[in-house]
Amino acid sequence: MTAAVPNGHIRVVLADDQTLVRSAFAMLVESAPDMAVVGQAGTGAEAVELAHSARADVVVMDLRMPGTDGIGATRLIAAAEDLAGVKVLVLTTYDTDENVLEALRAGASGFLVKDTRPAELLDAIRTVAAGEALLSPGPTASLIARVLRAPHPAAGNGPATLTSLSSREREVLTLVARGLNNTEIADALALSPLTAKTHVSRIMGKSRVRDRAQLVILAYESGLVVPGA
């Protein structure tokens, strides 16, 4: 546990059942000038507890842990009103792991594979902490597309979910699902970056989702974006 964290630093909780993996990630995170490790968990239940007690900004979450796994822990964090500002970044061994999609549905903000380069992990934590949410948008969208080729939409996520969106908001949602960030969306639609960001925020509000990862899932499950198209 970090005794004191300077103001402005990103507070990170690391959750993985392998002590050596946690230790390696902890050394990496602590080497960054703008973040600090405020807790380490070996189970999902411990991760949820630390998200509360350590006032985490980001929980780096392994999917496979004993007891409450990473998906269950993510769902508990996403459901807790007092943890609304906590972001979950899922780490997985393979980017084809279908459990990643369930973690995103549960409320994770994105995912990375464990063999990612150290600098990419640090950038991912910064991106999630800043609210951009969707990490490695191309691979994430690709994963969702593969899984949804045999669709089994969740209840309530049919096309009617999008009826409250304007035509412009549907265009923006389509580009979010394609992996574009706000600046790229602005360029594609001849908007200002601030206007693009406003559209994304309004879509989240109307759709009642936490972040861009859930917007990607919504776009595919509603049929707005067709896998492989």
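Residue numbers (the working numbering): 1180 to 1408.
C-beta: ideal position from N, C-alpha, C; glycine also.
Quick caveat, the model's predicted, so the values are computed rather than measured.
Chain-order list of residues whose beta-carbon lies under 6 Å from that of residue i (same chain, five-residue window excluded)
i, result
"Lys1266", "Val1237, Ser1288, Val1307"
"Gly1221", "Asp1196"
"Ala1252", "Gly1223, Ala1226, Val1227"
Nearest-angstrom Cα separation, counted from residue j out to residue i
i, j, result
"Leu1314", "Ala1398", "Summary for Leu1314: the model assigns pLDDT 48, below 50, so the residue's position carries little reliability, and this model does not support an answer."
"Arg1349", "Leu1341", "8 Å"
"Ala1259", "Val1279", "21 Å"
"Arg1381", "Pro1212", "34 Å"
"Arg1347", "Thr1272", "37 Å"
"Ala1233", "Asp1294", "27 Å"
"His1188", "Arg1357", "31 Å"
"Leu1199", "Gly1218", "15 Å"
"Pro1185", "Met1214", "9 Å"
"Leu1268", "Gly1286", "10 Å"
"Gly1246", "Arg1201", "18 Å"
"Ala1367", "Leu1300", "28 Å"
"Ala1309", "Gly1264", "10 Å"
"Ile1250", "Leu1262", "16 Å"
"Ile1304", "Ala1298", "10 Å"
Same chain only: Cβ atoms within 7 Å of residue i, ignoring 5 sequence neighbours per side
i, result
"Val1216", "Thr1181, Val1191, Leu1193, Ala1205, Val1208, Glu1209"
"Ser1343", "Lys1385"
"Leu1229", "Val1192, Gly1218, Ala1220, Ala1235"
"Val1405", "none"
C-beta contact flag for residue i and residue j at 9 Å
i, j, result
"Met1240", "Leu1270", "yes"
"Arg1284", "Gln1393", "yes"
"Val1379", "Ile1396", "no"
Whole-number beta carbon distance between residue j and residue i, since they are thought to touch under 8 Å
i, j, result
"Arg1391", "Val1355", "6 Å"
"Ala1282", "Leu1242", "6 Å"
"Thr1353", "Leu1403", "6 Å"
"Arg1389", "Ala1257", "6 Å"
Sequence-distant residues of the same chain with beta carbon closer than 8 Å to residue i, five excluded per side
i, result
"Thr1362", "Pro1372, Ala1375"
"Ser1345", "none"
Cross-strand partners of residue i (DSSP beta bridge)
i, result
"Ala1215", "Arg1190"
"Gly1251", "Per DSSP, none; premise fails for Gly1251."
"Val1269", "Met1240, Phe1290"
Residue i Cβ short of 8 Å to the ligand ZN heavy atom set
i, result
"Val1216", "Looking for the ligand ZN in the displayed structure turns up nothing, as the structure carries no ligands at all."
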